[in-house]
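**Q** I have a structure I would like to understand better, so I am pasting it below and will then ask my questions one at a time.
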Amino acid sequence: MESEAPAPTLLLLCGKSNEEKDVARILKESNTLQLHNNGEQVEVVLHSQVETSFKDDEFRVEEYFYSLSTRRFGRLLIYSPKLSSTHDVISQNNSDLPVGSVCVADVQLKGRGRTSNVWQSPKGCLVFSFSIQMEDGRMVPHLQYVVCLAMTEAIKAICPHLDVRIKWPNDLYLGGLKVGGILSTSVYRSKKFYISAGVGLNVGNEKPTTSLNAVLKRVDPLSRELKREDIIADFFNKFESFYDVFLEQGFQALEELYYRTWLHSGQRVIVQEMSDDDQDQFVENVVTIQGLTSSGYLLAITDDGQMCELHPDGNSFDFFKGLIKRKMS
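Using UniProt numbering, you'd call the opening residue of the sequence shown number 1 and step up by one each time.
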């Protein structure tokens, strides 16, 4: 007996203004949006064609657009109650989408991480990815830091009680526990970098670590719960402003605010690497983290004054134990 084919993934196209609604209509009529994940089928529907009543745990499109005040980012929304990966939706359709298009899901089945990790994002988690295009490849590595900064500043603006900090290069921590992460990938095509930036943030889901609302309830029992719609809208409001500064002045213009938000200024860590003389032995050097290099990597200085650059893909970082291990090639 043949098994039934899985139901197609619903992609609901939504626009803040008539301009984005026209783009959504064209995308649907041209059958442009595709997912190339083991034959995953998609059903594309315009927001105007469905009833606007949503369940309590579903993303409220109108509330999101009401709080959004951007000119470009976040104005064309692809919403899905459940899909494999928001990052795949954006990355596999990036060249056909306007800059700033965003995909949001209530449940994500195969979320992606920086080291190709895959995980499920349950209900209550804010998961989204959005499209960016850049021409200067030297600026691309810093983009993930702009995304991190925009998210921490958005949370701070909505709820000053929550001191969310950045753990380099792309994690968000609250009270010593990870509550979010950033993923940024790019493809170079036709003299442009097509970038897919993704965010996962524990807003209402307490597993696997904790959530913003769980911590907020402890520090301020009378406060109202944070909503995903408010957070993502304020994220884009902040990101668009930071992104404009970033393009015009470089990341240096945002560094002071970034360093106030990350966890590592002046942190002393041990760099452990294999000995040249004996591969069974390790050499340890104590370094002090200074900041970021012009390439976007970690800048540190040894006790004897030597500067060193640490790459996220060439080292294993355990900042809370103060240990950095050089990965074997």
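Positions of the beta carbon are idealized from the N, C-alpha and C atoms, including for glycine. Here the structure is a predicted model, which is why all the values come from computation and not from measurement.
Please report the Cβ distance between Cys125 and Val61, rounded to the nearest whole angstrom; I am assuming they are in contact, meaning their Cβ atoms lie under 8 Å.
**A** Walking along the sequence shown from the start, residue 125 turns up at place 125. Walking along the sequence shown from the start, residue 61 turns up at place 61. So it is not a contact: roughly 18 Å between Cβ atoms.
**Q** Can you list, in chain order, the residues of its chain whose CB lies under 6 Å from that of Ala172, leaving out five sequence neighbours each side?
**A** By 1-based counting over the sequence shown, the position of residue 172 is 172. Residue identity check: residue 172 is Leu in the sequence provided, not Ala. Excluding positions up to five away in sequence, the list reads Val164, Val179 and Gly180.
**Q** Can you tell me the Cβ-Cβ gap for Thr9 and Ser80, rounded? I've got them flagged as a contact below 8 Å.
**A** On the sequence shown, position 9 is the one that residue 9 refers to. On the sequence shown, position 80 is the one that residue 80 refers to. Yes, they are in contact, since the Cβ atoms of Thr9 and Ser80 sit about 6 Å apart, within 8 Å.
**Q** Would DSSP call Ser184 helix, strand or coil?
**A** Taking the first residue of the sequence shown as position 1, residue 184 is located at position 184. Three-state DSSP puts Ser184 in a strand.
**Q** Using the three-state DSSP reduction, which class does Leu68 fall into: helix, strand or coil?
**A** Counting from 1 along the sequence shown, the entry for residue 68 is found at position 68. DSSP places Leu68 in coil when its eight states are reduced to three.
**Q** Hey, could you find the ends of the beta strand (DSSP E) Ala197 is sitting in?
**A** Here the question's residue 197 lines up with position 197 in the sequence shown. Residues Lys192 to Asn202.
**Q** Quick check: what's the CA-CA separation for Ser184 versus Tyr258?
**A** As a working note, residue 184 is residue 184 in the sequence shown. As a working note, residue 258 is residue 258 in the sequence shown. Rounded to whole angstroms, Ser184 to Tyr258 spans 18 Å at the Cα level.
**Q** Which of the three DSSP states, helix, strand or coil, is assigned to Val269?
**A** Start at 1 with the first residue of the sequence shown, and residue 269 comes out as number 269. It is a strand residue.
**Q** Would you tell me roughly how many angstroms separate the C-alpha atoms of Leu77 and Ser186, rounded to the nearest one?
**A** Position 77 of the sequence shown, counted from the first residue, corresponds to residue 77. Position 186 of the sequence shown, counted from the first residue, corresponds to residue 186. So the alpha carbons of these two residues sit roughly 20 Å apart.
**Q** Hey, out of Val23, Leu177 and Ile232, whose CA is closest to Lys207's CA?
**A** By 1-based counting over the sequence shown, the position of residue 207 is 207. Ranking the options by Cα distance to Lys207, first place goes to Leu177.
**Q** Quick one: is Pro169 buried, meaning 16 or more other Cβ sit within 10 Å of its Cβ, or exposed?
**A** The residue you call residue 169 lines up with position 169 of the sequence shown. That one is buried.
**Q** Given this structure, state the Cα-to-Cα distance separating Gly322 from Gln267, to the nearest angstrom.
**A** Counting from one through the sequence shown, the residue named residue 322 turns up at place 322. Counting from one through the sequence shown, the residue named residue 267 turns up at place 267. Whole-angstrom Cα-Cα distance: 8 Å.
**Q** Is DSSP giving Leu310 helix, strand or coil here?
**A** Working through the sequence shown from its first residue, we reach residue 310 at position 310. If DSSP states are grouped into helix, strand and coil, Leu310 belongs with the strands.
**Q** In the DSSP assignment, find the beta strand (DSSP E) that holds Leu83 and state where it starts and stops.
**A** Stepping through the sequence shown from its first residue, residue 83 is reached at position 83. Unbroken beta strand (DSSP E) run through Leu83: Leu76 to Leu83.
**Q** Could you tell me the alpha carbon to alpha carbon distance between Arg71 and Asp244, rounded to whole angstroms?
**A** Taking the sequence shown and counting its residues from 1, one reaches residue 71 at position 71. Taking the sequence shown and counting its residues from 1, one reaches residue 244 at position 244. Cα to Cα, Arg71 sits roughly 11 Å from Asp244.
**Q** Rounded to a whole number of angstroms, what is the C-alpha to C-alpha distance between Leu299 and Gln252?
**A** Taking the first residue of the sequence shown as 1, we reach residue 299 at position 299. Taking the first residue of the sequence shown as 1, we reach residue 252 at position 252. If you take the alpha carbons of Leu299 and Gln252, they lie about 14 Å apart.
**Q** Please check the pair Phe128 and Cys103, which I expect to be a contact at CB under 8 Å, by giving their CB distance rounded to whole angstroms.
**A** Here residue 128 refers to the residue found at position 128 when the sequence shown is read from its first residue. Here residue 103 refers to the residue found at position 103 when the sequence shown is read from its first residue. That belief holds up - the Cβ atoms of Phe128 and Cys103 are roughly 6 Å apart, short of 8 Å.
**Q** What number of angstroms, rounded off, separates the C-alpha of residue 361 from the C-alpha of Gly291?
**A** The question about residue 361 has no answer, for the chain in this structure spans 1 to 329.
**Q** According to the Cβ coordinates, are residue 384 and Cys159 closer than 9 Å?
**A** Only positions 1 to 329 of the chain appear in the structure, and residue 384 is not among them; the question remains open.
**Q** How about Cys148 and Ile182: do their beta carbons lie closer than 9 Å?
**A** Within the sequence shown, the letter at position 148 stands for residue 148. Within the sequence shown, the letter at position 182 stands for residue 182. Yes, Cβ-Cβ distance for Cys148 and Ile182 is below 9 Å.
**Q** Who pairs with Thr302 in a beta bridge, going by DSSP?
**A** Counting from 1 along the sequence shown, the entry for residue 302 is found at position 302. According to DSSP, Thr302 bridges with Val287.
**Q** Given a cut-off of 9 Å, decide if Phe59 and Ala150 are closer than it, judged by their beta-carbon atoms.
**A** Stepping through the sequence shown from its first residue, residue 150 is reached at position 150. Stepping through the sequence shown from its first residue, residue 59 is reached at position 59. In this structure, Phe59 does not lie closer than 9 Å to Ala150 by Cβ.
**Q** Can you tell me where the beta strand (DSSP E) with Met151 in it begins and where it stops?
**A** Sequence index remark: in the sequence shown, residue 151 carries index 151 (1-based). Counting along the chain, Met151 falls outside any beta strand (DSSP E), though it belongs to the alpha helix (DSSP H) covering Leu143 to Ile158.
**Q** State buried or exposed for Gln144, treating a residue as buried only when at least 16 other CB atoms are found within 10 Å of its CB.
**A** In the sequence shown, the residue the question calls residue 144 occupies position 144. Classification of Gln144: buried, given that the 10 Å Cβ count is 16 or more.
**Q** Are there 16 or more other CB atoms within 10 angstroms of the CB of Asn93, so buried, or fewer, so exposed?
**A** Numbered from its first residue, the sequence shown carries residue 93 at position 93. Label assigned to Asn93: buried.
**Q** Measuring alpha carbon to alpha carbon, tell me which residue in Ile231, Tyr188, Ala105 and Phe319 is nearest Ser265.
**A** If you number the sequence shown from 1, residue 265 lands on position 265. Ser265 has its Cα closest to that of Phe319, out of Ile231, Tyr188, Ala105 and Phe319.
**Q** Just the C-alpha distance for Gln34 and Leu83, rounded to the nearest angstrom, thanks.
**A** What you label residue 34 is simply residue 34 of the sequence shown in a count that begins at 1. What you label residue 83 is simply residue 83 of the sequence shown in a count that begins at 1. Those two C-alpha atoms are separated by around 12 Å.
**Q** Can you tell me whether Leu68 is buried or exposed, with buried defined as 16 or more other CB within 10 angstroms of its CB?
**A** Walking along the sequence shown from the start, residue 68 turns up at place 68. Per the 10 Å Cβ criterion, buried.
**Q** Alpha helix (DSSP H) containing Ser241: first to last residue?
**A** Here residue 241 refers to the residue found at position 241 when the sequence shown is read from its first residue. Where Ser241 is concerned, the enclosing alpha helix (DSSP H) stretches over Arg228 to Gln249.
**Q** How long is the line joining the alpha carbons of Glu20 and Ser316, rounded to whole angstroms?
**A** Residue mapping note: residue 20 aligns to position 20 of the sequence shown, counting from 1. Residue mapping note: residue 316 aligns to position 316 of the sequence shown, counting from 1. Looking at the two C-alpha atoms, the distance is approximately 43 Å.
**Q** Are the CB atoms of Lys28 and Val50 nearer to each other than 9 Å?
**A** Position 28 of the sequence shown, counting from 1, holds the residue named residue 28. Position 50 of the sequence shown, counting from 1, holds the residue named residue 50. No. Outside cutoff.
**Q** For a test of the three-state rule: what should DSSP assign to Phe59, helix, strand or coil?
**A** In the sequence shown, residue 59 corresponds to position 59, counting from 1. In the structure shown, Phe59 sits in coil (DSSP, three-state: anything other than H, G, I, E or B).
**Q** Per DSSP, what kind of secondary structure is Glu255 in: helix, strand or coil?
**A** Residue numbering aside, residue 255 sits at position 255 when the sequence shown is read from its first letter. Glu255 falls in the helix class under three-state DSSP.
**Q** From Pro141 to Gly305, what distance separates their C-alpha atoms?
**A** Your numbering for residue 141 matches position 141 in the sequence shown. Your numbering for residue 305 matches position 305 in the sequence shown. If you take the alpha carbons of Pro141 and Gly305, they lie about 26 Å apart.
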